[in-house]
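In this note's numbering, the protein residues as written are 147 to 259.
Next up, the structure:
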């Protein structure tokens with residue numbers, strides 16, 4: 147349409163989950179996952195309610211702790227699928243290095259267990 151901006155740029159909002167992860171009162175992965183789930187779900191609903199008509203919510207979860215993601219992602223995806231919402235989720239985890247038993251510079255030449 148004439149006069150409209152690029153929806154991929156104009157309709158993008160970035161939400162940082164770092165504060166939610168660090169301020170969670172429950173130090174367990176399960177408690178943190180539930181707190182993050184509530185925060186993300188609130189963001190999804192608020193975004194969809196405030197921008198009707200073709201809005202896709204894109205969630206980028208950068209360096210999501212694996213133990214938190216193992217609880218969070220199934221909950222979030224089940225809720226999104228049940229509600230049939232236009233939500234895209236991209237989650238990354240912190241990279242790790244192979245550690246060798248012989249201390250060979252972290253290349254993992256000795257195999258893993």
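Idealized CB from N, CA, C, for every residue including glycine.
Q: Within its chain, find whatever has a CB closer than 8 Å to the CB of residue 190; leave out the 5 residues flanking it on each side and keep chain order.
A: 203, 205, 226, 231, 233
Q | Inside the region 167-244 only - alpha helix (DSSP H) runs reaching at least 4 residues | A | 175-196, 212-229
Q.
Give me, in chain order, the residues of the same chain whose beta-carbon lies closer than 6 Å to that of residue 240; leave out the 5 immediate sequence neighbours on both sides.
A. 209
Q | Cβ neighbour criterion (16 or more within 10 Å) applied to residue 192 | A | exposed
Q | Status (buried if at least 16 other CB within 10 Å, exposed otherwise) for residue 218 | A | buried
(Q) With a threshold of 8 Å on Cβ separation, who are the neighbours of residue 223 within its own chain once the five nearest residues in sequence on each side are excluded? (A) 235
Q: For my contact list, residue 175 and residue 211 are in at a C-beta cut-off of 8 Å; report their separation, rounded to the angstrom.
A: 7 Å
Q) Is the beta carbon of residue 207 sitting closer than 8 Å to the one on residue 237? A) With a cutoff of 8 Å on beta-carbon distance, residue 207 and residue 237 are scored as near each other.
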